[in-house]
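A.B. asks: My numbering numbers the first residue of the sequence shown as 190 and each following residue consecutively.
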Amino acid sequence: MTLAAAAHAPVSPGPDDRALLPLTAAQLGIWNAQRLEPDSPYYVVGDVLEIAGEREVDLEALRTAIARTVAEADSLRLRVVETAEGPRQWIDDGAPAAPVTVDLRSEPDPRAAAEAEVAAERARLAAACVEMVDRDLFAYRLLRLSDTEVWYTQMGHHLVFDGYSAAMLSRRVASHYTALVGGTEPPTSPFGSFTDFIAGDVEYRASERLEADRAYWRDELTPLPALPERAGFDGPATTTHSARTELGPEDVDALRRAADEAGTTWGETLIACYAAFLHRTLGETDVVFAMPPMSRSGGVALRTPAMAVNVLPLRLRVSPATGSPT
190 MTLAAAAHAP
200 VSPGPDDRAL
210 LPLTAAQLGI
220 WNAQRLEPDS
230 PYYVVGDVLE
240 IAGEREVDLE
250 ALRTAIARTV
260 AEADSLRLRV
270 VETAEGPRQW
280 IDDGAPAAPV
290 TVDLRSEPDP
300 RAAAEAEVAA
310 ERARLAAACV
320 EMVDRDLFAY
330 RLLRLSDTEV
340 WYTQMGHHLV
350 FDGYSAAMLS
360 RRVASHYTAL
370 VGGTEPPTSP
380 FGSFTDFIAG
390 DVEYRASERL
400 EADRAYWRDE
410 LTPLPALPER
420 AGFDGPATTT
430 HSARTELGPE
440 DVDALRRAAD
450 EAGTTWGETL
460 IACYAAFLHR
470 TLGETDVVFA
480 MPPMSRSGGV
490 ALRTPAMAVN
500 VLPLRLRVSP
510 ATGSPT
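(1) Which word fits Phe466, buried or exposed, when buried means at least 16 other C-beta atoms lie within 10 angstroms of its C-beta?
(2) Starting from Ser335 and walking both ways along the beta strand (DSSP E), at which residues does that stretch end?
(3) When we look at the beta-carbon of Ala254 and count the other beta-carbons within 10 Å, is it buried (16 or more) or exposed?
(4) What first and last residue would you give for the beta strand (DSSP E) that runs through Arg438?
(5) Could you give the residue range of the beta strand (DSSP E) that holds Arg277?
(6) Which word fits Trp406, buried or exposed, when buried means at least 16 other C-beta atoms lie within 10 angstroms of its C-beta?
(7) Label Ser201 either buried or exposed according to how many other C-beta atoms from any shown protein chain fall within 10 Å of its C-beta, with 16 as the threshold for buried.
(8) Once the 5 residues before and after Pro227 are set aside, which same chain residues still bring their CB inside 8 Å of it?
(9) To which residues of the same chain is Val362 closer than 7 Å at the C-beta, ignoring the five residues directly before and after it?
(10) Helix, strand or coil for Arg506 per DSSP?
(11) Closest to Gly381 by C-alpha separation, out of Leu505, Tyr231, Glu249, Glu261, would be which residue?
(12) Where do the ends of the alpha helix (DSSP H) carrying Val289 lie?
(13) Among Glu450, Val507, Trp340, Arg360, which has the Cα closest to the Cα of Thr377?
(14) Helix, strand or coil, according to DSSP, for Tyr231 in the structure here?
(15) Relative to the C-alpha of Tyr231, which candidate in Leu436, Ala317, Glu306 has its C-alpha closest?
(16) Note the first and the last residue of the continuous alpha helix (DSSP H) segment covering Thr458.
(17) Out of Arg485, Glu239, Asn499, state which residue places its alpha-carbon closest to the alpha-carbon of Ala479.
(18) Grab the span of the alpha helix (DSSP H) containing Gly389 for me, first residue to last.
(19) Can you list, in chain order, the stretches of the alpha helix (DSSP H) that have 4 or more residues and sit fully within the segment 302–376?
(20) Looking at the unbroken alpha helix (DSSP H) that takes in Asp408, where does it start and where does it end?
(21) Just reading off the alpha helix (DSSP H) that Val489 is part of, what are its end residues?
(22) Excluding the 5 residues flanking Phe327 on each side, which residues of the same chain have their C-beta closer than 6 Å to its C-beta?
(23) State the Cα-Cα distance for the pair Pro379 and Asp281, rounded to the nearest angstrom.
(24) Quick check on Pro211: does DSSP put it in helix, strand or coil?
(25) On a Cα-Cα basis, can you pick out the residue from Leu491, Ala286, Ile460, Asp449 that is closest to Leu503?
(26) Can we say the segment 322–339 touches the segment 283–296, given the rule of at least three CB pairs closer than 8 Å?
(27) For Arg252, report the span of its alpha helix (DSSP H) as first-last.
(28) Whose C-alpha, out of Thr474, Gln343, Asp385, Thr367, is nearest the C-alpha of Leu517?
(29) Would you say Ala214 and Asp390 are within 8 Å of each other, going by their C-beta atoms?
(30) Find the nearest neighbour of Val270 within the set Gly487, Asp408, Gly452, Val322, judged by alpha-carbon distance.
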């Protein structure tokens, strides 16, 4: 075995018989980033699922649906340990803790109270997970706004899941819940094996494909455009600002027409719009910005909740003369 392969091979079980696994390349990126910014809360990610309708939400069925999903998704039960070879991880097969339920029905404004609970849960997890070692890295929380409206959060450290995984998990919780309230059996779990997921990453990192990919990105980004000096861009961000809007039907139709005329997708057209925005705002013609690709290929990777997303630099050359569909 080569030294490079040995560095990424599964570690023999320790004295407590835990089978330790290496972190994937994507996980190592998050591990190192959190260690470089030990006070940063931004490595806790997740979402809020809002359930509302005319029928009362069955909280017991929802708790059971969540517990069954956690039992099926190995990555939600990951624990990380530090070893002489670096960080390693293992799957805790113990019974998952039941999600905490917060009853907000007596609050004057249940929605505002729920939003405050979400913010508090994110802050709690950020503080609890920042060290990453020997601790739970994922949690669910149920918020009852009324008999017919319940929110639940699925949040955790970026080491254990990503946005693609969040969609898989929420669909599986919905499948279990639907089966429980309907008195039927859910479909067979679609989740792949986390151990197989790790094996795929190990195989790629020891393959010639990695060297070919590295050569591509080296050529694509050499040399990088010079970074102009701008006030306020001299260190890590201390705050974040969010802006959101909703596109009306006419705007969405226009976006799809532009995509069809360019022979591409509406998502790629939206990325082109962002590149044009940066060009106009910054006055740069050689535009480089971060894009988070899914970074999944093959059946196991597409079916396994885990951390796989990577952030890659997208380089585009934009000028006022760049054409656009009419």
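Built from N, CA and C at the ideal position, the CB exists for glycine as well.
C.D. replies: Per the coordinate set shown:
(1) Within the sequence shown, numbered from 1, the residue matching residue 466 stands at position 277. Burial check for Phe466: the Cβ neighbour count within 10 Å stays below 16, so the residue is exposed.
(2) Start at 1 with the first residue of the sequence shown, and residue 335 comes out as number 146. 327–335 is the extent of the beta strand (DSSP E) around Ser335.
(3) Counting from one through the sequence shown, the residue named residue 254 turns up at place 65. Counting Cβ neighbours within 10 Å, Ala254 comes out buried, since at least 16 surround it.
(4) Here the question's residue 438 lines up with position 249 in the sequence shown. It is worth fixing the name first, because residue 438 is Pro in this sequence and not Arg. Careful: Pro438 lies outside any beta strand (DSSP E), inside the alpha helix (DSSP H) at 438–451.
(5) Here residue 277 refers to the residue found at position 88 of the sequence shown. Where Arg277 is concerned, the enclosing beta strand (DSSP E) stretches over 275–280.
(6) Here the question's residue 406 lines up with position 217 in the sequence shown. Exposed: under 16 other Cβ atoms inside 10 Å.
(7) Within the sequence shown, the letter at position 12 stands for residue 201. Summary for Ser201: the model assigns pLDDT 40, below 50, so the residue's position carries little reliability, and this model does not support an answer.
(8) Locating residue 227 in the sequence shown gives position 38, where the first residue counts as 1. Cβ neighbours of Pro227 beyond the five flanking positions: Val319.
(9) Here residue 362 refers to the residue found at position 173 when the sequence shown is read from its first residue. Excluding the 5 residues flanking it on each side, Val362 has same chain C-beta neighbours closer than 7 Å at Ala254, Ile255, Thr258, in chain order.
(10) If you number the sequence shown from 1, residue 506 lands on position 317. It is a strand residue.
(11) Sequence index remark: in the sequence shown, residue 381 carries index 192 (1-based). When each option's Cα is compared against that of Gly381, the closest is Glu261.
(12) Sequence index remark: in the sequence shown, residue 289 carries index 100 (1-based). For Val289, there is no enclosing alpha helix (DSSP H); the residue is found in the beta strand (DSSP E) stretching over 289–292.
(13) Here the question's residue 377 lines up with position 188 in the sequence shown. Closest by alpha carbon: Arg360.
(14) Residue numbering aside, residue 231 sits at position 42 when the sequence shown is read from its first letter. Secondary structure at Tyr231: coil, using DSSP grouped into helix, strand and coil.
(15) Within the sequence shown, the letter at position 42 stands for residue 231. Across the set Leu436, Ala317, Glu306, the C-alpha of Ala317 shows the shortest separation from the C-alpha of Tyr231.
(16) Start at 1 with the first residue of the sequence shown, and residue 458 comes out as number 269. It spans 455–471 - the alpha helix (DSSP H) in which Thr458 sits, taken as one unbroken run.
(17) Position 290 of the sequence shown, counted from the start, is the residue given in the question as residue 479. Ranking Arg485, Glu239, Asn499 by Cα distance to Ala479 puts Asn499 first.
(18) Locating residue 389 in the sequence shown gives position 200, where the first residue counts as 1. Where Gly389 is concerned, the enclosing alpha helix (DSSP H) stretches over 383–394.
(19) Counting only runs of 4 or more, we get 352–371.
(20) Walking along the sequence shown from the start, residue 408 turns up at place 219. Following the DSSP letters along the chain, one finds Asp408 inside the alpha helix (DSSP H) bounded by residues 397–409.
(21) Counted from its first residue, the sequence shown places residue 489 at position 300. For Val489, the uninterrupted alpha helix (DSSP H) segment begins and ends at 488–492.
(22) Position 138 of the sequence shown holds residue 327. Within the same chain, Cβ atoms closer than 6 Å to the Cβ of Phe327 are found at Leu265, Gly345, Val349, the five residues on either side in sequence being excluded.
(23) Here residue 379 refers to the residue found at position 190 of the sequence shown. Here residue 281 refers to the residue found at position 92 of the sequence shown. Approximately 20 Å, taken between the alpha carbons.
(24) Your numbering for residue 211 matches position 22 in the sequence shown. Strand at Pro211.
(25) Translated into the one-based positions of the sequence shown, residue 503 becomes position 314. If we check each option's Cα against that of Leu503, Ile460 comes out closest.
(26) The segment 322–339, when compared against the segment 283–296, does touch it at the 8 Å Cβ threshold.
(27) Working through the sequence shown from its first residue, we reach residue 252 at position 63. Taken as a continuous stretch (DSSP letters only), the alpha helix (DSSP H) holding Arg252 covers 248–261.
(28) This structure cannot speak to residue 517, because the chain is shown only from 190 to 515.
(29) As a first step, residue 214 must be located in the sequence shown, where it is residue number 25. As a first step, residue 390 must be located in the sequence shown, where it is residue number 201. Their beta carbons are under 8 Å apart, which means Ala214 touches Asp390 by this criterion.
(30) Against the sequence shown, residue 270 aligns to sequence position 81. The shortest Cα separation from Val270 among Gly487, Asp408, Gly452, Val322 belongs to Val322.
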